Amino acid sequence: MQYLNSLSSNDEQNAYLAGLMSLVPVQRRRNRQEEGNAMFHDNYFMYKVRNKGGDKAEEVNVCFKNFQSIHGISKGKVEYLQKNFKVTGTTGKDKHGEHSSSHGD
1 MQYLNSLSSN DEQNAYLAGL MSLVPVQRRR NRQEEGNAMF HDNYFMYKVR
51 NKGGDKAEEV NVCFKNFQSI HGISKGKVEY LQKNFKVTGT TGKDKHGEHS
101 SSHGD
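Following this note's numbering, the numbering of the sequence shown begins with 1 at its first residue and continues without gaps.
Below is the structure:
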């Protein structure tokens, strides 16, 4: 969490977090409903944290809740990263403060 907070911009933080997330295709499906009515997921996310021990760092798989807790981020932040990652393959650019000036001057 210290490293995440030391990053200067929101875009850098998003890139770091996205680097710890992997989009993995679903391997096996169980049909609980008829094929036409079933809602299948094509992918799921795996989460990692970096653990620095001495002079080397290792990545350890963790669950969604631990990923949030360890990095001190909200569920909404992770969902934002997931959505951008699925749609564009990147974390996207932070758009805070960017808006059109069409609000009646």
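Don't be surprised by glycine CBs; every beta carbon is placed ideally from N, CA and C. As the structure is a prediction and not an experimental result, all values here were calculated from the model.
Note the first and the last residue of the continuous beta strand (DSSP E) segment covering residue i.
i	result
S69	Careful: S69 lies outside any beta strand (DSSP E), inside the alpha helix (DSSP H) at F64 to H71.
L23	M21 to P25
From the DSSP secondary-structure annotation, give me the bridge partner or partners of residue i.
i	result
E59	R50
Y44	V24
Taking just the CA atoms, how far does residue j sit from residue i?
i	j	result
R50	E59	5 angstroms
F64	Y3	19 angstroms
A18	L81	7 angstroms
V62	G76	18 angstroms
Can you tell me whether residue i is helix, strand or coil according to DSSP?
i	result
V78	helix
L7	coil
Let me make sure I understand the geometry here. Which of the options has the alpha-carbon closest to that of residue i?
i	options	result
D44	Q68, Y16, E79 and K56	The sequence shown places Tyr at residue 44, rather than the Asp named in the question. It is E79.
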